[in-house]
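Participant: Residue numbers (our numbering), protein chains in the order written: chain A, -8 to 441; chain B, -8 to 441.
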C-alpha cells in the first residue's frame, strides 16, 4: 500500500527552475509545491508527484521558472506620463513638463489609474513586487492589494505642498497612518520615502532617521542623482549630500540610495562600510544624462546594488528584463571590464538582493521553502530563445519580457498565458486613452500627438 | 459616372504612418498603394479608396506603419552562438570560445542554418534589411533570397585561412564572383567587407580601395573597436588605424566604419569631412567593454551614424528596437546631454541613413513613392503602449519588437500576425536545438547548460 499523498493547492513543475538561492544553482526537472500561498517544498518532479496531491498542477516544459522580479524604484502612477517629454534637458523636463503636469493632474484618480496601468505592465513583464515613491500612497497600496501584487509603498515626504499634503509633518503623519494600516498585511509593506536631500530640511531628515531607527524601517531616497545636486549642496550646506546624510544619522543599512551617479572612491568605500544599498536606475540615468553609477566598483567594494526602472517619464517602460540587461551592459562599459556585473549578479540584484534591502528577505526574491510563492514562468520555445547555452546569460541578455507567460504572487495566478486575471486590460487601456486625451489637451508643446 | 479605379496589388492603410521621409512627418489616416512590390502612392485613405482598386486591402487601426528597420552590422550565421560566452574578457571570449567554435563549426551548413535563424528573428522584430559580414556569404545570400529578406552581403576578406578560403586573393575572387551573381538582383546586393585593419595587409587594403572606387561600392569594416587595436597599430605601422586607412585611400564616403569607440576630436572632424559613415553597435561595445562611441560629437560634426546589433555572440539578440533605444540612451549618458541622439535621429539612423550608406537610398529606408514596399506594422493597442504622446519617442523608447505584427519586403508579406510566411518557425527551432546540442558537447567550459 502506497503512503498517503499530502494535499496541497498547487504544484508547478518545469524542466528548468532557477531558484536564485542557493546562488548559481539550476534545478532540472524540479517542482515547486505551494500551499496557502507559501512554497512548502522544492524537489525533483518525479518525487513531487508521488509525495503531493495538488488541486492544481501546471506542468511547464520549455520554460524557466524563477522568482518574480523586484522593481526597486518606481513612481507607478507616472505611467500616465509615459514618454511625455523625451530628449529634453533635465531642468526643462522638470520645470516645463513633469512638474506642471503633476501639479495639474496628480490627484487620487490619477494615482489610481496610473498605479493600475503600471501594475498591469509590471505583472505582464514578470515583476511581482515594486518599491514605490509617490503621492497618495494609500491609493497605490489599495490598487496593488486589489490586483494581488506585492508592493512596498513609500511614506513620501517632501518640504513643499502638493495635492497630497502641505508640509513635511503632514506627509509624515499621513505616511505613518498608512504604516499602521498595513502593518500586518501579507502583500503590502510601507517604508520611508523622503524625496531627496535637496528637497528636505535637516529637521525633517533627522526626524525620519530617528523613527526609521526605532522601527528598523528602510529609507528610500534619491541621492547623488546629478552633479548639480552635489554643487548645490556644497554651496548650501558646505558638504556633499552623502556627508550631510551621514551627519543626520541616515548612512546605515536601512538606506536605499537611488541613482548614486556621482561618487568619489572614498564615498564608495564609505557606503559599502555603512551597509547602504545602492539602487541603480541605469536607463533613467542615461535618458536624463544624469551620470553613470559605478556599479562594478561598488560590487568590488562589497556594496549591495539593486535595480529599478524609475518612472515612465524617464525610461519609458517598467521592463525589468531590459533594466537588468542595461545594468549588466552599462557596468561593463563604465568599468571597461567585460566581467563586470555578470548575469548572476544582475539577476540577484533584481530578486534576492532587492528583497533583502526592502526588508522582505524572508518573504520573496527566491524560490525557497517557507517563502511566498512569487514565481514567474518564462517561455523559451521560440525563435528568439534558441539556441541557449547558459541559463543565467539567457535570462539577462536574451529574454524579452513578452516571454513571461505566467505570474504567481503568494501562490495566486495573476497572469495566465499573458492575460491578467485580476484586472481588465481593456478597461485599463480605455482609461489610459482618456488620460492621454486630457494630458494632450493640456501640454501640446512637444508632442507629435496621435 | 465615377472615374475608373486603378488596379493595384496591395493597399495598406493606418491611422498613423511614419514615412521617415520627409523628416519629422507623421501622416494620419493615410494609405500606401503598392504594385509590383513598389510603393506607387502615399495618400489620405479616403482618397486612396476612391482612386485604387486593390487586390488585397489591409486596414490597420491602432498601428503605426513605418519603413522596415535596417540592421547595418550583422554576422547572421553566428546566431547559433547566441550568448555562448557572456561576461568574459574580450581576448578570452575570442581565443577560448568564438574562434575555436568557428574553426570547428563554421561550415556551409552552419551558415545556412544560422542565417535562417537570424533572418527569422530579424523579420519577427521588424528588420527588413541587414548588412552582413561572414564566411560563405553566398549561402546567406541564398537563404535571404529564399525567405524574401533584403540583404547586403559582404565580400569578406581576411588574411588568414578559414573553411571558406585560404588567402586574401581567394576571399576577394570568391566575393567578386558573388558580386557578379547578384549584380541585378532586386533583394540582394554585395559590398566589400574586409574584416579589420589589423587582419589585413596594406596590399590587400589597397586592392580593395582601388576596386571599391572603380565600382563605387561601400566598404564595410571593423575600425577602432578597442584601445588595444590603436596601440597595436601604432607599434606595427607607426600610425593609428584611421590614418593607415587614409594613407591607403579608404577614408571616403564609401567607408562604413564599424564600432569607432576610440576617436580623438581631430578624428571626428576627419571622418565627418571625409564623409565616412560611423556604424554604431552600442550593445556589443558595452558587452565586450570595448569603449563608447562618441555619437553626439559625431552628429554635431555632421557625420552620418547608423546602427547595427553586431552578432548574437556579443549582444545577444538582433533586436533593432532595443538597439535604437540603447543608442539613444547611451549617447545622452556619454555626452552628458539629454538632447543627444534624439528619437528622430535614432529612427533615421536605423532606416534612411542606413539605406543611403549602403547604396540603397533609392530602394528602401522610407515610405516614398517609387521605393520598394519594405514596410512594418506596429501594434499599439496594448498595456505597454498606452498612453503615448509622441510617435517618435514611442517608437524608440517604448516599443518592444513583439509589437511588430506584420512585415512586408518588396510588397511581399513575410510576417503575418507575428508568424513567418516564408519559413517554418518549428523547423528553424528544431535545427537550432540540434546545433545547441552539438556545440554544448564541444564547449562545455562556461555553460550552465540546459
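We put the beta carbon where it would ideally sit given N, CA and C, even for glycine.
Does the beta-carbon distance from residue 118/B to residue 315/B come in below 8 Å?
Facilitator: Not in contact: residue 118/B and residue 315/B (Cβ atoms no closer than 8 Å).
Participant: In whole angstroms, give me the CA-to-CA distance for residue 98/A and residue 158/A.
Facilitator: Cα-Cα distance, rounded: 17 Å.
Participant: How many angstroms separate the CA atom of residue 63/A from the CA atom of residue 262/B?
Facilitator: About 43 Å.
Participant: Kindly list the residues whose CB is nearer than 7 Å to the CB of residue 50/B, restricted to its own chain and excluding five residues on each side of it in sequence; keep chain order.
Facilitator: Cβ neighbours of residue 50/B beyond the five flanking positions: 4.
Participant: With a CB to CB cut of under 6 Å and the five nearest residues on each side skipped, what residues in its chain are close to residue 429/B?
Facilitator: Within the same chain, residue 429/B has no close Cβ partners at all.
Participant: Under the assumption that residue 447/A contacts residue 374/B (Cβ atoms under 8 Å), give the Cβ distance between them as a whole number of angstroms.
Facilitator: Residue 447/A is absent from the structure shown; chain A starts at -8 and stops at 441.
Participant: When the cut-off is 8 Å and only beta carbons count, does residue 290/B lie next to chain A?
Facilitator: So no, residue 290/B is outside the interface.
Participant: If you pair each beta-carbon of the segment 361 to 381 of chain B with each one of the segment 283 to 298 of chain B, do three or more pairs fall below 8 Å?
Facilitator: Too few Cβ pairs lie closer than 8 Å, so no.
Participant: Go ahead and label residue 13/A buried or exposed: buried means 16 or more other beta carbons lie within 10 angstroms of its beta carbon, across all protein chains shown.
Facilitator: That one is exposed.
Participant: Kindly indicate which three-state DSSP category residue 394/B falls into: helix, strand or coil?
Facilitator: It is helical.
Participant: Kindly indicate which three-state DSSP category residue 155/A falls into: helix, strand or coil?
Facilitator: Looking at residue 155/A - three-state DSSP - the assignment turns out to be coil, as it is neither helix nor strand.
Participant: Within this structure, are the beta carbons of residue 381/B and residue 423/A separated by less than 8 Å?
Facilitator: Going by C-beta atoms, residue 381/B is not nearer than 8 Å to residue 423/A.
Participant: Residue 419/A and residue 8/A: beta carbons closer than 8 Å?
Facilitator: No, the Cβ-Cβ distance between residue 419/A and residue 8/A is not below 8 Å.
Participant: Who are the neighbours of residue 385/B on chain A, taking C-beta pairs under 7 Å?
Facilitator: 74, listed in chain order.
Participant: Indicate whether at least one CB of chain B lies closer than 8 Å to the CB of residue 314/A.
Facilitator: With 8 Å as the cut-off, residue 314/A does not count as an interface residue toward chain B.
Participant: Output, in chain order, the set of chain A residues within a Cβ distance shorter than 8 Å of residue 115/B.
Facilitator: Near residue 115/B (Cβ distances below 8 Å), the residues of chain A are 374, 375.
Participant: Taking Cβ positions, are residue 318/B and residue 337/B nearer each other than 8 Å?
Facilitator: Taking 8 Å as the Cβ cut-off, residue 318/B and residue 337/B qualify as a contacting pair.
Participant: Could you please give the first and the last residue of the uninterrupted beta strand (DSSP E) stretch that includes residue 285/A?
Facilitator: Per DSSP, residue 285/A belongs to no beta strand (DSSP E) and is neither H nor E.
Participant: Taking its Cβ as the centre, do 16 or more other Cβ atoms sit within 10 Å of residue 353/A, making it buried, or is it exposed?
Facilitator: Answer is exposed; the Cβ neighbour count stays below 16.
Participant: Determine the contact status of residue 148/A and residue 167/A, defining contact as a CB-CB distance below 8 Å.
Facilitator: No, the pair does not count as a contact, with Cβ atoms beyond the cut-off.
Participant: Taking residue 283/A as the reference, which of 144/A, 204/A, 82/A, 218/A has the closest Cα?
Facilitator: Residue 283/A has its Cα closest to that of 218/A, out of 144/A, 204/A, 82/A, 218/A.
Participant: Interface residues of chain A around residue 283/B at Cβ under 7 Å?
Facilitator: In chain order: 324.
Participant: Between the segment 23 to 32 of chain B and the segment 395 to 402 of chain B, are three or more C-beta pairs nearer than 8 Å?
Facilitator: The segment 23 to 32 of chain B is in contact with the segment 395 to 402 of chain B.
Participant: Determine the chain A residues that contact residue 416/B at a beta-carbon separation under 9 Å, and present them in chain order.
Facilitator: Chain A residues near residue 416/B: 373, 374.
Participant: Check whether the segment 126 to 145 of chain A touches the segment 93 to 110 of chain A, taking contact to mean three or more Cβ pairs, one atom from each stretch, closer than 8 Å.
Facilitator: Flag = yes, the segment 126 to 145 of chain A and the segment 93 to 110 of chain A touch.
Participant: Show which residues of chain B have a CB atom less than 9 Å away from the CB atom of residue 254/A.
Facilitator: Within 9 Å Cβ-Cβ: nothing; residue 254/A doesn't reach chain B, min ~15 Å.
Participant: Measure how close the beta-carbons of residue 330/B and residue 75/A come, nearest whole angstrom, since I'm counting them as under 8 Å.
Facilitator: That belief does not hold up - the Cβ atoms of residue 330/B and residue 75/A are roughly 16 Å apart, past 8 Å.
Participant: Please state whether DSSP places residue 313/A in a helix, a strand or coil.
Facilitator: Reduced to three states, the DSSP call for residue 313/A is helix.
Participant: Flag residue 362/B as yes if its beta-carbon sits less than 8 Å from any beta-carbon of chain A, otherwise no.
Facilitator: Not an interface residue.
Participant: Any chance the segment 187 to 206 of chain A sits against the segment 224 to 237 of chain A, with 3 or more Cβ pairs inside 8 Å?
Facilitator: Yes: the two stretches touch, three or more of their Cβ pairs being nearer than 8 Å.
Participant: Alpha carbon to alpha carbon, what distance is there between residue 279/B and residue 409/A?
Facilitator: Rounded to the nearest angstrom, the two C-alpha atoms are 34 Å apart.
Participant: Could you tell me if residue 499/B is buried or exposed, where buried requires 16 or more neighbouring beta carbons within 10 angstroms of its beta carbon?
Facilitator: In the structure as shown, chain B begins at -8 and stops at 441. Residue 499/B is therefore absent and cannot be evaluated.
Participant: Rounding to the nearest angstrom, what Cα-Cα distance links residue 121/B and residue 181/B in this structure?
Facilitator: The straight-line gap from Cα to Cα measures roughly 11 Å.
Participant: Rounded to the nearest angstrom, what separates residue 292/B and residue 325/B at their Cα positions?
Facilitator: When rounded, the distance between both Cα atoms is 16 Å.
Participant: I'd like to know if residue 185/A contacts chain B, where contact means its C-beta is closer than 8 Å to some C-beta of that chain.
Facilitator: It does not; no Cβ of chain B falls within 8 Å.
Participant: Bridge partners of residue 7/A, per DSSP?
Facilitator: DSSP, once it has assigned bridges, lists 19/A, 55/A as partnering residue 7/A.
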